[in-house]
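**Student:** Submitted below is the structure of interest, expressed as structure tokens.
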Amino acid sequence: MVQSTLLCENISADQFGLLLNEYGDLVEAISGTKPTKEGQRTLSELDKFRYETAVELFSSEEPQRAMQHDDVRSLVEWKLRHGKFRPTLMKLVASNDEDTVAHTLAGAMSTYWKAPDASKALDAIAKLKGIGPATASLLLSVHDPDRVIFFSDEAFYWLCNDAKPCPIKYNAKEYRDLNASALKLVKRLEVSATNVEKVAYVLMRKKHNDVVAPRQETPLLVSENGGSLSGGGGDKRKLQNEGDEITPPQPRRSKRGKT
1 MVQSTLLCEN
11 ISADQFGLLL
21 NEYGDLVEAI
31 SGTKPTKEGQ
41 RTLSELDKFR
51 YETAVELFSS
61 EEPQRAMQHD
71 DVRSLVEWKL
81 RHGKFRPTLM
91 KLVASNDEDT
101 VAHTLAGAMS
111 TYWKAPDASK
121 ALDAIAKLKG
131 IGPATASLLL
141 SVHDPDRVIF
151 FSDEAFYWLC
161 NDAKPCPIKY
171 NAKEYRDLNA
181 SALKLVKRLE
191 VSATNVEKVA
201 YVLMRKKHND
211 VVAPRQETPL
221 LVSENGGSLS
231 GGGGDKRKLQ
241 NEGDEITPPQ
251 PRRSKRGKT
């Protein structure tokens, strides 16, 4: 259990800072448990791209350059290694045409910077194949890390469910609730949304590791009572409604592969 003083509505600036300082070491430790193939980047290397390189390149109304398909694939690879592994997601994202990716992202960000509205931007980005609200929030967050949080499981548990596991549908409404909660904490502690995301990750991975321990080949799935879900028929139907943790998307319902 996460102690009450560390819940999002109670956490102090000092506690927040201490937990944020643990993030780097935690990622290094998790990275060491995830073997990589030859030529594949480690989680630590992907983490540097996600939080440093990508932010430096894109976090401005006038970015150093526009985000391209290779950047999207790198961020999705980070998402898969940093959180839940979804075997079909990268294939879907990679199937997008490069020009379509560039055009869609450029249009979404042009509209966003004129009138920042995360929900509208996510809707525009999610027109790409394999991109649902969670992945769209990741792409948006590197453009505006101060005000936009990535829709991670850890952030949702901490900010929207008192640091307790719960089924997640990965839909637009859940993201609006998550981002609203994150912005309250951003305002209260005068921190960035990205750092809220990191602190949530530390809390849920270290302080509550019976719920979200580091994952490797198989994602950890939790039921409403905190137990792991089996592969039985009833649970399988539940999983299909929570982001397709196991079942690949069907041809006529490709949106199931989006997160």
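Residue numbers for the sequence shown follow full-length UniProt numbering, so the first one is 1 and each next one is one higher.
For glycine and all other residues, C-beta sits at the position ideal for the given N, C-alpha and C.
The structure presented is a predicted model; accordingly, all values stated were derived computationally and were not measured.
Indicate whether the contact test is met: 3 or more Cβ pairs, each with one atom in the segment 40 to 48 and one in the segment 75 to 92, closer than 8 Å.
**Tutor:** These segments touch.
**Student:** Which runs of the alpha helix (DSSP H) fall wholly inside the segment 14 to 96 and span at least 4 residues, in chain order?
**Tutor:** Runs of the alpha helix (DSSP H) inside the segment 14 to 96: 43 to 48, 54 to 58, 69 to 82, 89 to 94.
**Student:** State the DSSP-derived secondary structure class of residue 171, mapped to helix, strand or coil.
**Tutor:** Position 171 of the sequence shown, counting from 1, holds the residue named residue 171. Coil, per DSSP.
**Student:** Need the endpoints of the alpha helix (DSSP H) that residue 103 sits in, please.
**Tutor:** Position 103 of the sequence shown, counted from the first residue, corresponds to residue 103. Where residue 103 is concerned, the enclosing alpha helix (DSSP H) stretches over 98 to 114.
**Student:** I need the boundaries of the alpha helix (DSSP H) containing residue 125, first residue and last residue.
**Tutor:** Residue numbering aside, residue 125 sits at position 125 when the sequence shown is read from its first letter. Here the alpha helix (DSSP H) through residue 125 covers 118 to 125.
**Student:** Keeping to the same chain, check which residues put their C-beta closer than 8 Å to that of residue 104; ignore five residues upstream and five downstream.
**Tutor:** In the sequence shown, residue 104 corresponds to position 104, counting from 1. These residues qualify, in order along the chain: 124, 125, 127, 128.
**Student:** Check the C-beta distance from residue 2 over to residue 183 and give it rounded, since I have them as a contact under 8 Å.
**Tutor:** On the sequence shown, position 2 is the one that residue 2 refers to. On the sequence shown, position 183 is the one that residue 183 refers to. Actually they do not touch by this definition, with Cβ atoms about 21 Å apart.
**Student:** Does residue 8 pass the burial test, meaning 16 or more other C-beta atoms within 10 Å, or should it be called exposed?
**Tutor:** For this step, residue 8 is matched to residue 8 along the sequence shown. Buried is the call here.
**Student:** Assign residue 61 to one of two classes, buried (16 or more other C-beta atoms within 10 Å of its C-beta) or exposed (fewer than that).
**Tutor:** On the sequence shown, position 61 is the one that residue 61 refers to. Residue 61 comes out exposed.
**Student:** What do you reckon, are the CB atoms on residue 201 and residue 23 nearer than 8 Å?
**Tutor:** Along the sequence shown, read from residue 1 onward, the residue named residue 201 stands at position 201. Along the sequence shown, read from residue 1 onward, the residue named residue 23 stands at position 23. Yes.
**Student:** Can you look up residue 9 in the DSSP assignment and give me helix, strand or coil?
**Tutor:** Here residue 9 refers to the residue found at position 9 when the sequence shown is read from its first residue. Residue 9 falls in the coil class under three-state DSSP.
**Student:** Return the CA-CA distance between residue 6 and residue 20, expressed in angstroms with no decimal places.
**Tutor:** Mapped onto the sequence shown, residue 6 falls at position 6. Mapped onto the sequence shown, residue 20 falls at position 20. C-alpha separation (whole angstroms): 13 Å.
**Student:** Decide if residue 4 is buried, meaning its Cβ has at least 16 other Cβ atoms within 10 Å, or exposed.
**Tutor:** For the purposes of this step, residue 4 is taken as residue 4 along the sequence shown, with counting starting at 1. Residue 4 should be labelled exposed.
**Student:** Taking the alpha-carbon positions, what's the residue 163 to residue 154 distance?
**Tutor:** Reading the sequence shown from its first residue, position 163 is the one you call residue 163. Reading the sequence shown from its first residue, position 154 is the one you call residue 154. Residue 163 and residue 154: Cα-Cα distance of roughly 8 Å.
**Student:** Residue 141 and residue 193 look like a contact to me (Cβ under 8 Å); what is the Cβ gap, rounded to whole Å?
**Tutor:** Reading the sequence shown from its first residue, position 141 is the one you call residue 141. Reading the sequence shown from its first residue, position 193 is the one you call residue 193. Right, their Cβ atoms sit about 7 Å apart.
**Student:** In the segment 155 to 199, which residue ranges form an unbroken alpha helix (DSSP H) of at least 4 residues, counting only runs that do not cross its ends?
**Tutor:** Here the runs fully enclosed are 172 to 189.
**Student:** What three-state label does DSSP hand residue 137 in the structure shown?
**Tutor:** Locating residue 137 in the sequence shown gives position 137, where the first residue counts as 1. In the structure shown, residue 137 sits in a helix (DSSP, three-state: H, G or I).
**Student:** Under three-state DSSP, which class holds residue 206?
**Tutor:** For the purposes of this step, residue 206 is taken as residue 206 along the sequence shown, with counting starting at 1. In the structure shown, residue 206 sits in a helix (DSSP, three-state: H, G or I).
**Student:** My understanding is that residue 134 touches residue 170, with C-beta atoms under 8 Å, so please give their C-beta distance in whole angstroms.
**Tutor:** The residue you call residue 134 lines up with position 134 of the sequence shown. The residue you call residue 170 lines up with position 170 of the sequence shown. So it is a contact: roughly 5 Å between Cβ atoms.
**Student:** Give me the Cα-Cα distance between residue 174 and residue 137, rounded to the nearest whole angstrom.
**Tutor:** Locating residue 174 in the sequence shown gives position 174, where the first residue counts as 1. Locating residue 137 in the sequence shown gives position 137, where the first residue counts as 1. Cα-Cα distance, rounded: 12 Å.
**Student:** To the nearest whole angstrom, what separates the beta carbons of residue 70 and residue 54, a pair I think is in contact under 8 Å?
**Tutor:** By one-based count along the sequence shown, residue 70 stands at place 70. By one-based count along the sequence shown, residue 54 stands at place 54. Going by Cβ atoms, the distance from residue 70 to residue 54 rounds to 11 Å, so no, they are not a contact pair.
**Student:** Can you tell me whether DSSP reads residue 146 as helix, strand or coil?
**Tutor:** Locating residue 146 in the sequence shown gives position 146, where the first residue counts as 1. In this structure, residue 146 counts as coil in the three-state DSSP scheme.
**Student:** Beta carbon of residue 172, beta carbon of residue 139: below 8 Å?
**Tutor:** If you number the sequence shown from 1, residue 172 lands on position 172. If you number the sequence shown from 1, residue 139 lands on position 139. No, Cβ-Cβ distance for residue 172 and residue 139 is not below 8 Å.
**Student:** Give the single residue among 117, 68, 116 whose Cα lies nearest to the Cα of residue 100.
**Tutor:** For the purposes of this step, residue 100 is taken as residue 100 along the sequence shown, with counting starting at 1. The shortest Cα separation from residue 100 among 117, 68, 116 belongs to 68.
**Student:** Suppose you measure from the CA of residue 190 to the CA of residue 49; what does that come to, to the nearest Å?
**Tutor:** Locating residue 190 in the sequence shown gives position 190, where the first residue counts as 1. Locating residue 49 in the sequence shown gives position 49, where the first residue counts as 1. Spanning the two alpha carbons is a distance of roughly 24 Å.
**Student:** Tell me, to the nearest whole angstrom, how far the beta carbon of residue 145 is from that of residue 59; I am working on the premise that it is less than 8 Å.
**Tutor:** For the purposes of this step, residue 145 is identified with residue 145 of the sequence shown, where counting begins at 1. For the purposes of this step, residue 59 is identified with residue 59 of the sequence shown, where counting begins at 1. Yes, residue 145 and residue 59 are in contact; Cβ-Cβ is about 6 Å, under 8 Å.
**Student:** By DSSP, does residue 4 sit in helix, in strand, or in coil?
**Tutor:** As a working note, residue 4 is residue 4 in the sequence shown. Note: residue 4 maps to helix in three-state DSSP.
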